[in-house]
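In the working numbering, the protein residues as written are 3 to 632.
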């Protein structure tokens, strides 16, 4: 009887302890505050047994506080001929820590990493399709994989997303081989505990880290949070052994082992390209014709570099199938350029609107995308984004602009930088002819955009009527009762300039008080960015892409007189400049506006002044004039 009572008590204590481990009651207010998810405990272990033998295990307990937090779960595993899944399991617990259900590997969805197309047929992913009935829930995720691909070693990055706090996270890497393991720590390791008594066993741990909020104008997440990168001196990738210690050697290895021999093309395509370019003289003309040929004859499938392999499929296969991922299409374009003796460089890059550089100080496999560079003597290089079917020739847009990339050349690797767009490059000109009809205005509006502002607008050219209408209702949301009458677009890809012509009517735009009319002088480019005031800003801030806006609004004041004294406005700041001016010519009022936002990096302490700068512009953009009926 005593034994029975003892066992019963033991199981009650054990269950209570297990429930407590997964209960939300364990979390402090500091961890929950401003968080969508909380990593209660995470243990990542990397074991390197040889240059072609690595095991990665992850044991993570994460509390999902709301629907937005589900994106932090990452319950998936990629596998192929080189990478095998050894364990994959998820257990779900409710807010009190009681187990709800368990998912084994067989319960995970198993799909091709590239959807329904036939490229990379051995690259697959298993992922959990799960939606909680209610929140919060705690999820215990366990994964272990074994791979012969050791060129890319998982980095220590305790923070992986905004609004995620960390109670406890440990990263351990053990090198059992006799190969040199290199590492590189960034400058944000203050809160990281490091154990390195054994040179072959490194342990990094953090605890009780509050979540980081996404603040406006924050730089790339990895530029202000802890990160340690690793690389083996000798490694294997795609079945090929490599041994490198600098970028030149790594680029040479990639060229010889990942690209060489993949540029063969059928005779029919060779003849077609020769015919296409036979009457063209300059490198630029030939490259443009070939680039547009690729755009018109292939389509892009999304496979992130590293997940669908680092080795592109052959140019011949892309030519046959008429599709490819970034690696395949870039290699294909490169092969076509080779046919007309145009040298080009296959370049590995980190993509996305947040600018991230290849870390030049640490030679390793990096990047998630590839683009093409065509070097030019005595001219700026040509850069090609080979995955887009509509982007202009030699225009990268915000996806890969202004960042360091690795150029893979036959002579070896070289770090290059993609073009940066200056403020004047990112230009918008808006003009409008405006008539006042009682409370309403009618207007003919013209907008011209270049640079990154072009990047934001040119897709209007292919949108349907519903989407175009929605765009302008949103863009001019200060016009509460707007009707779009007509629109006309012109996309000049040669000059990378987009033109919009819009006719519209906006009811109740003018406020009437007896014989007095109140007119808002800026109907069509009102700056309405209301920056939040943070008690204490957590992150540095930068304007990664500045711009220049010039506007000219011409109001027909027939039967109206101006009852306000004009006062031009001028504002100059380290953040940019602004002017607003007025000119009356007979019955015509001309309002001119100029706004330049400077590209720059700033200290956290400058943020309050930045908010004030934006507030002043918003105030000036709401300038009103009083008119009288004559």
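C-beta: ideal position from N, C-alpha, C; glycine also.
Next item on the list: Going by CA-CA distance only, name the one from 426, 404, 96 that's closest to residue 548.
Entry: 426
Checklist line | Range of the contiguous alpha helix (DSSP H) that encloses residue 457 | finding: 453 to 459
Notebook entry, point to check: Going by the beta-carbon positions, is the gap between residue 566 and residue 631 smaller than 9 Å?
Noted result: no
Check: Which residue comes first and which comes last in the beta strand (DSSP E) that contains residue 348?
Finding: 347 to 351
Notebook entry, point to check: Which residues in the same chain as residue 620 place their Cβ atom closer than 6 Å to its Cβ, once the five residues preceding and following it in sequence are excluded?
Noted result: 529
Check: Are three or more beta carbon pairs between the segment 174 to 193 and the segment 230 to 244 nearer than 8 Å?
Finding: yes
Notebook entry, point to check: According to the Cβ coordinates, are residue 375 and residue 240 closer than 9 Å?
Noted result: no
Item checked: Integer-rounded CB distance, given that residue 359 should sit under 8 Å from residue 411 -> About 19 Å; that fails the 8 Å criterion.
Item checked: residue 274 - DSSP class collapsed to helix/strand/coil -> helix
Checklist line | Residue from 100, 197, 221 whose Cα sits closest to the Cα of residue 604 | finding: 221
Next item on the list: Mind the definition here: the segment 159 to 179 touches the segment 199 to 212 only if three or more C-beta pairs lie below 8 Å; say whether that holds.
Entry: yes
Next item on the list: Measure the CB-CB distance between residue 166 and residue 207 and report whether it falls below 9 Å.
Entry: no
Notebook entry, point to check: Using 8 Å as the threshold, is the segment 548 to 557 in touch with the segment 586 to 598, meaning 3 or more CB pairs across them?
Noted result: yes
Next item on the list: Identify every residue that forms a DSSP beta bridge with residue 595.
Entry: 553, 582
Note to self: Rounding to the nearest angstrom, what Cα-Cα distance links residue 309 and residue 115 in this structure?
What the structure shows: For residue 309, the predicted structure reports a pLDDT of 46, less than 50, and the residue's modelled location is therefore unreliable. The matter cannot be settled from this model.
Item checked: Top-ranked residue by Cα proximity to residue 623, from 585, 587, 606, 572 -> 572
Check: Can you name, in chain order, every residue of its own chain whose Cβ lies under 6 Å from the Cβ of residue 56, other than the five neighbours on each side?
Finding: 50, 149, 152
Check: Between residue 112 and chain D, is there a C-beta pair that is closer than 9 Å?
Finding: Among the chains in the structure shown there is no chain D, since it carries only a single protein chain.
Note to self: Check this for me: beta carbons of residue 452 and residue 428, under 9 Å apart or not?
What the structure shows: yes
Item checked: Residue interval of the alpha helix (DSSP H) (run including residue 613) -> 609 to 622
Item checked: Best match in 243, 130, 142, 270 for proximity to residue 341 [C-alpha to C-alpha] -> 270
Check: Where does residue 614 land, buried or exposed, given buried means 16+ other C-beta within 10 angstroms?
Finding: exposed
Item checked: Beta-carbon spacing of residue 138, residue 26 below 9 Å -> yes
Check: From which residue to which residue does the alpha helix (DSSP H) around residue 293 run?
Finding: 285 to 299
Notebook entry, point to check: With a CB to CB cut of under 7 Å and the five nearest residues on each side skipped, what residues in its chain are close to residue 608?
Noted result: none
Check: Roughly how many angstroms separate the alpha carbons of residue 562 and residue 587, rounded to a whole number?
Finding: 13 Å
Note to self: Beta-carbon within less than 6 Å of residue 526's beta-carbon, same chain only, minus the 5 sequence neighbours each way: which residues are those?
What the structure shows: 432, 434, 447
Margin query: If contacts are defined as beta-carbon pairs under 8 Å, then residue 144 and residue 91 qualify, I think. What distance do you get, rounded to the angstrom?
Written below: 5 Å
Checklist line | Expected contact under 8 Å - CB spacing of residue 468 and residue 485 to nearest Å | finding: So it is not a contact: roughly 15 Å between Cβ atoms.
Next item on the list: Starting from residue 504, trace the beta strand (DSSP E) both ways and give me its first and last residue.
Entry: 499 to 509
Notebook entry, point to check: From residue 400 to residue 195, what does the alpha carbon distance come to, in whole angstroms?
Noted result: 37 Å
Checklist line | Opening and closing residue of the alpha helix (DSSP H) in which residue 321 lies | finding: 317 to 323
Check: Considering only the beta carbon of each residue, do residue 520 and residue 440 sit closer than 9 Å?
Finding: no
Checklist line | Sequence-distant residues of the same chain with beta carbon closer than 7 Å to residue 397, five excluded per side | finding: 498
Note to self: Here's the rule: buried if 16 or more other CB atoms are within 10 angstroms of the residue's CB, otherwise exposed. What is residue 266?
What the structure shows: exposed
Notebook entry, point to check: In the structure shown, what three-state DSSP assignment does residue 470 receive?
Noted result: helix
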